[in-house]
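Asks:
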Amino acid sequence: MAPFEGLSDAHAILLAVRICADGDLANLPALQAQYPHCFLLERLLRIILTFLPESTEPSRYVPVLQELTSPSGLASIEGEIDTSAIRNLSESVARKRVRKLHLRSLKRPDEEEEIETSNPLSQFLIHRAHLIDSETALQPLILELVLPFYEHEPALRTWLLSSLLPALRLNYEYYPSREDTISLETLESMDDQTAVNVLLSITGSHSSDMDLVNNLRGLIGPWLYGSNRSKRRRLNEVARQNSISFYQDTLKPEATELAGWEHVNEWLLSRSLVDRDNVVKAFVNWDGPMDTDLGGYEQAGVQMSSEKEKELLGRYGQTGLSVVYAHGDSSEAALNGSFQILSRVAKLAELDEYLYPNLPDFTLPSVDYDTELISSTSRASLLQNALLRPNNPLTCPSTSSISFLSALLLSLRILTGLGHLVSCRTAANICLHSNEETQLAELKAVVESTTKQPRSQQDWQTVRQRLLWLRDWQANPSDNGWDEPSTHHGIFWKLSRDTVETEILKALLGAREYQLAVYLYTQSQSAPLSADQVEAAVLETILTAYDNASNGNRTRGGMKRAYDILHAFQPHYPESLSLKQTQTLITATHALSFYSLTLQHGVPFQPVSIRVHHDPLSLVERVLEQNARSYTKLDDLVSIGRNLVASGLPTKSASLHEEQSHPEEISQEDALLTAERRITSLAISSALDSDDFGTAYSYITRLTQSSNLSTTSTNTPSIPDDITWRAVYNAGRYRSASPNASTPLQSQIVHLSQRMELLSLALTLAPTPDPLPEILGAWRRCDEEMSSLRAREQQEEDLWDAKGDSLSSVPGGFGPTDSERDAFDTAQQRAARRARARAAMPHSHPHEAPMGLFEVARGAAMALHKNAFPLRNAAATGDASAAARPGAVEDERPLSLEDAEGRVRKRDMVSNMVTGGLASGIGWVLGAEPVNR
């Protein structure tokens, strides 16, 4: 008592302040005992809170706090108490200083609405903890301060678990090397959503695979343990008003802890899109909201009703299924992670019996689920913001959702093995929301990927079974009526079995499994497709390989594949017109591959160019243009043309048939004949362009023979021949582009005689009278040139004879007699007079037509009447009149100017046409009047 003798209440308060400021609170209980009316517990705690230095070790004042809050008796004084600093103060001065103390409130400013059940000691400790953290950042001191009291203070225990424990683990246990630490003030200022984002996103410099699991179990679990605190509820309410989230409309407002876990579920779903591996490991190693590490401070763990516990576990399982659907990765690793998550969710929901095996050697199961419920979903149900909706049947853990997703992942395993990578969301959309066309396109993509796999890795019998299983997820087709529309929904359930089998057949052909395809679809007793369906699929595959070929040689690339498929199936379809046409197409393409051929704009020739060309026969013309002397291979080119026609491709006819207003269908024989004429005509033109008139002349013989045969075989040809006469006429008017002056005169006469023969033949072949003036004009020019050449020839003969008759040129002086020389001079004079008379004849008879034109007309009339032209005699050897004519055997070959004496020359033979039957028919074209008229 002595130390406190004479001290007033004001002096006692100042003494308590001095004791707290010195940091030694040992005598504070005795002071409280001496002045109990002055030192109520709340006031005393406020004095300690205000004046005790924050750096003071808790061990120095925790026992004092325990003694102050205990209901024990009076405390004794420990040691001497120095009261000199306050004893000399007057009462008024002491009171004045007391009024200026400004003691801190036990409640923190932002916790004034804290639940009233918190006693002053809990408020003091929490406020003291914040002061220590803000002044010293020594959070372990806070734990040392709180531990002696938390067991008896529920509010303090909640604060310890939800605030202090996450801060200590974050800053000192999990990530001690982090430069930035999180204070209690910062941590408690967060709402649940912010805290979830921050605490789960924190990783250390040496993060491990268990970081996320530790954060979920050791940070988020304890944090959400305190979701019922009034300050947390207030922060969450403000955050809820500032955001829109679907789960807040479905959860009861009082279910605060459920709302906090919803933020965790959302975070896991969003995180899986960028860090799938860690999220998968979190689902594998974390058992959900009930798996929380409270550090042993809550012996009973998280206490929650069975209904809430089931709801939290169901929402956690829905998050796992949502993660499987949400990710767009289609790799093998992502698929394995999806299987792990699904297995974990099924185990937690006790639905693991609805899982299907995922090993490579699995047996295909029969899948049963509520197709009506699952198919009722829309495309929007697979979007990220809809996956966590409580009413989403795809993600809510149930027998149907687990069974459907398990079958979907098993299908993805099959597709991955076939080389076709698809994400889970894409596969679900194909199965549930795609039409038949989309599913067929996807199946074709699967088939294409399958055929690209190495042959050694494919057992095509197994591949076929798996592709069929993907249709409706049923193991035994015979038991489920695959011939009928499927009642089960697989990935390709909208496709008929015939469609799937057709694509499988194409896959076998694409993989060069020809023998297996022939056995399964043509030789098997229970062939899954009809003969027509098989033929159509084979033809489509052949043409696809043909179109994709880069070279026309049938021993390489796509052409070889097309030819091998045709060779494998054609014996089983001997009467198939389509396969025969395809064979001729391949034959023609193979023959074309031996020529250099470039299309417009420098595009190299490819087989598909034939099929897309509006006139494939025109490619032969390009071959002749781009390959020197290719016209000499006429038989090969004609064979190509005939095969192109026989392949059924559209060809542009050069005849008048297409110019008719109502064209009729031409026969196959007519089309082949027209193609042969056209190619021969092109070869003739190419030969003339190459200055090879001899080859062109020989081709005309062949061309006219085919024309005569087609005319004599039927009384009325089905289509007019507008090709032959043009080719003959073009050859007849041909002139060498580079004439040689040293060409012998006799050779020039022979060449000109052949041209005149061709022109006279063109007259008989022209189908209409329109081109006759042009042909006759060309013939007249040739006749004039022939007259000139004949005159030159006569002059040369005369000069030669004169030179031979000259005495000076004969050794020995032997020469003609005088009578012989007179006769020779007389003959020369007569020849000169005849020449002058012929030269003056047009001037003396201005209305007379030139004799050459009427000779041409007369010759044309005779040719039309008797088929007397030499180029047509080869086709008319069976004519009775030709057989009865003397020298008929010789007439079977073309006549030339070198024929024996006594044979009528061609130009003399046609010169008498004026008196013939065409004098009135052709003469009018010339606009001339005969001499005798």
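The working numbering numbers the first residue of the sequence shown as 1 and each following residue consecutively.
Cβ atoms here follow ideal geometry from the backbone N, Cα and C, with glycine treated the same way.
The structure displayed is predicted, hence computed values, not measured ones.
Decide if tryptophan 800 is buried, meaning its Cβ has at least 16 other Cβ atoms within 10 Å, or exposed.
Replies: On the sequence shown, residue 800 is found 800 positions in, with the first residue counted as 1. Answer is exposed; the Cβ neighbour count stays below 16.
Asks: I need the straight-line Cα distance from asparagine 627 to tyrosine 595, nearest angstrom please.
Replies: Taking the first residue of the sequence shown as position 1, residue 627 is located at position 627. Taking the first residue of the sequence shown as position 1, residue 595 is located at position 595. Answer to the nearest angstrom: the Cα atoms are 7 Å apart.
Asks: Hey, valine 324 and leucine 405: beta-carbon distance below 8 Å or not?
Replies: Within the sequence shown, residue 324 is the residue found at index 324, counting from 1. Within the sequence shown, residue 405 is the residue found at index 405, counting from 1. For valine 324 and leucine 405, yes; Cβs fall inside 8 Å.
Asks: Leaving out five residues before and five after leucine 7 in sequence, what residues of the same chain have Cβ atoms less than 8 Å from its Cβ?
Replies: One-based indexing of the sequence shown puts residue 7 at position 7. These residues qualify, in order along the chain: Leu15, Thr83, Ile86, Arg87.
Asks: Please state whether DSSP places threonine 598 in a helix, a strand or coil.
Replies: By one-based count along the sequence shown, residue 598 stands at place 598. Here threonine 598 sits in strand by DSSP.
Asks: Three-state secondary structure (DSSP) at proline 773?
Replies: For the purposes of this step, residue 773 is identified with residue 773 of the sequence shown, where counting begins at 1. If DSSP states are grouped into helix, strand and coil, proline 773 belongs with the helices.
Asks: Determine the direct distance from the alpha carbon of phenylalanine 149 to that of tryptophan 159, and round the result to whole angstroms.
Replies: One-based indexing of the sequence shown puts residue 159 at position 159. One-based indexing of the sequence shown puts residue 149 at position 149. For tryptophan 159 and phenylalanine 149, the distance between alpha carbons rounds to 12 Å.
Asks: Find the nearest neighbour of tyrosine 699 within the set Val645, Leu273, Leu758, judged by alpha-carbon distance.
Replies: Position 699 of the sequence shown, counting from 1, holds the residue named residue 699. Of the listed residues, the one whose Cα sits closest to tyrosine 699 is Leu758.
Asks: Go ahead and pull the three-state DSSP assignment for proline 604.
Replies: In the sequence shown, the residue the question calls residue 604 occupies position 604. Strand.
Asks: Considering Cα atoms alone, identify which of Ser59, Gln34, Glu67, Glu57 is closest to leucine 45.
Replies: By 1-based counting over the sequence shown, the position of residue 45 is 45. The shortest Cα separation from leucine 45 among Ser59, Gln34, Glu67, Glu57 belongs to Glu67.
Asks: Tell me the residue span of the alpha helix (DSSP H) that contains cysteine 20.
Replies: Translated into the one-based positions of the sequence shown, residue 20 becomes position 20. Counting along the chain, the alpha helix (DSSP H) containing cysteine 20 begins and ends at 9-22.
Asks: Is the beta carbon of leucine 408 sitting closer than 8 Å to the one on cysteine 424?
Replies: On the sequence shown, residue 408 is found 408 positions in, with the first residue counted as 1. On the sequence shown, residue 424 is found 424 positions in, with the first residue counted as 1. It is a contact, given that the beta carbons lie within the stated cut-off.
Asks: Do asparagine 630 and valine 638 have their C-beta atoms closer together than 8 Å?
Replies: In the sequence shown, counting from the first residue as 1, residue 630 sits at position 630. In the sequence shown, counting from the first residue as 1, residue 638 sits at position 638. For the record, residue 630 in the displayed sequence is serine; it is not asparagine. No, the pair does not count as a contact, with Cβ atoms beyond the cut-off.
Asks: With a threshold of 7 Å, establish whether the CB of cysteine 782 neighbours any heavy atom of the ligand ZN.
Replies: With respect to the ligand ZN, the structure offers nothing, as it holds no ligand at all.
Asks: Applying the criterion that 16 or more other CB atoms from any shown protein chain within 10 Å of the CB defines a buried residue, is proline 616 buried or exposed?
Replies: Taking the sequence shown and counting its residues from 1, one reaches residue 616 at position 616. Buried, because 16 or more other Cβ atoms sit within 10 Å of the Cβ of proline 616.
Asks: Flag this pair as yes or no: are the beta carbons of alanine 26 and valine 64 separated by less than 8 Å?
Replies: Along the sequence shown, one-based indexing puts residue 26 at 26. Along the sequence shown, one-based indexing puts residue 64 at 64. Yes; because the gap between Cβ atoms is below 8 Å, this pair is in contact.
Asks: Determine the direct distance from the alpha carbon of alanine 334 to that of arginine 276, and round the result to whole angstroms.
Replies: Here residue 276 refers to the residue found at position 276 when the sequence shown is read from its first residue. Here residue 334 refers to the residue found at position 334 when the sequence shown is read from its first residue. C-alpha of arginine 276 to C-alpha of alanine 334: approximately 8 Å in a straight line.
Asks: Where are the alpha helix (DSSP H) runs, 4 residues long or more, that stay fully inside the region 485-532, in chain order?
Replies: 497-510, 514-518
Asks: How about aspartate 352 and serine 338: do their beta carbons lie closer than 8 Å?
Replies: For the purposes of this step, residue 352 is taken as residue 352 along the sequence shown, with counting starting at 1. For the purposes of this step, residue 338 is taken as residue 338 along the sequence shown, with counting starting at 1. Contact: no.
Asks: Return yes when the Cβ of proline 393 is within less than 8 Å of the Cβ of serine 403, no when it is not.
Replies: Against the sequence shown, residue 403 aligns to sequence position 403. Against the sequence shown, residue 393 aligns to sequence position 393. No, Cβ-Cβ distance for serine 403 and proline 393 is not below 8 Å.
Asks: Rounded to the nearest angstrom, what separates leucine 656 and arginine 677 at their Cα positions?
Replies: In the sequence shown, residue 656 corresponds to position 656, counting from 1. In the sequence shown, residue 677 corresponds to position 677, counting from 1. Because leucine 656 sits at a pLDDT of 39, beneath the cut-off of 50, its placement in the model cannot be relied upon, and the following sentence gives the value as read from the coordinates. Straight-line Cα distance between these residues: approximately 14 Å.
Asks: Just tell me which of Leu383, Val518, Tyr697, His613 has its CA closest to the CA of glutamine 600.
Replies: In the sequence shown, the residue the question calls residue 600 occupies position 600. Considering only alpha carbons, the answer is His613.
Asks: I think leucine 219 touches histidine 130, with their Cβ atoms under 8 Å apart; what is that distance to the nearest whole Å?
Replies: Start at 1 with the first residue of the sequence shown, and residue 219 comes out as number 219. Start at 1 with the first residue of the sequence shown, and residue 130 comes out as number 130. Contact flag wrong, Cβ pair sits at about 20 Å.
Asks: Considering only residues of the same chain and omitting the five flanking positions on each side of leucine 125, which have a CB-CB separation below 7 Å?
Replies: Along the sequence shown, one-based indexing puts residue 125 at 125. If we look at leucine 125 and ignore the five residues flanking it on each side, its Cβ neighbours are Leu145, Val146, Phe149, Leu156.
Asks: Taking C-beta to C-beta, are glutamine 123 and leucine 106 nearer than 8 Å?
Replies: Here residue 123 refers to the residue found at position 123 of the sequence shown. Here residue 106 refers to the residue found at position 106 of the sequence shown. When the beta-carbon positions are compared, glutamine 123 and leucine 106 come within less than 8 Å of each other.
Asks: Could you tell me how far apart the beta carbons of leucine 649 and arginine 611 are, in whole angstroms, since I believe they sit closer than 8 Å?
Replies: Taking the sequence shown and counting its residues from 1, one reaches residue 649 at position 649. Taking the sequence shown and counting its residues from 1, one reaches residue 611 at position 611. With a Cβ gap of about 7 Å, leucine 649 and arginine 611 count as contacting.
Asks: Under 7 Å Cβ to Cβ from lysine 96, same chain only, skipping five residues before and after it: list those, please.
Replies: Within the sequence shown, numbered from 1, the residue matching residue 96 stands at position 96. Once the five neighbours on either side are set aside, lysine 96 has no close Cβ partner at all.
Asks: Do lysine 452 and glycine 417 count as a contact pair if the criterion is CB distance below 8 Å?
Replies: Position 417 of the sequence shown, counted from the first residue, corresponds to residue 417. Position 452 of the sequence shown, counted from the first residue, corresponds to residue 452. Going by C-beta atoms, glycine 417 is not nearer than 8 Å to lysine 452.
Asks: Output the residue ranges of the alpha helix (DSSP H) runs that lie fully inside the region 359-410 and measure 4 residues or longer, sorted by chain position.
Replies: 371-375, 384-387
Asks: Taking only the alpha-carbon atoms, compute the straight-line gap between valine 345 and leucine 294 and give it to the nearest angstrom.
Replies: Here the question's residue 345 lines up with position 345 in the sequence shown. Here the question's residue 294 lines up with position 294 in the sequence shown. Leucine 294 has its alpha-carbon roughly 24 Å from the corresponding atom of valine 345.
Asks: Residue range of the alpha helix (DSSP H) that methionine 559 falls in?
Replies: Here the question's residue 559 lines up with position 559 in the sequence shown. Segment 557-569, the alpha helix (DSSP H) holding methionine 559.
Asks: Would you mind listing the alpha helix (DSSP H) stretches within the region 622-704 that are 4+ residues and don't spill past its ends, in chain order?
Replies: 634-646, 668-689
Asks: Can you give me the Cβ contacts of glycine 732 inside the same chain, cut-off strictly under 7 Å, excluding the 5 residues immediately before and after it?
Replies: Locating residue 732 in the sequence shown gives position 732, where the first residue counts as 1. For glycine 732, where only same-chain residues beyond five positions count, the Cβ hits under 7 Å are Arg755, Leu758, Leu759, Ala762, Ala778.
Asks: Can you tell which of Arg556, Asp722, Gly694 has the C-alpha that lies nearest to the C-alpha of aspartate 670?
Replies: Numbered from its first residue, the sequence shown carries residue 670 at position 670. When Arg556, Asp722, Gly694 are compared, the shortest CA-CA separation from aspartate 670 is found for Asp722.
Asks: Whole alpha helix (DSSP H) runs in the region 430-484 with 4 or more residues, listed along the chain?
Replies: 436-451, 460-472
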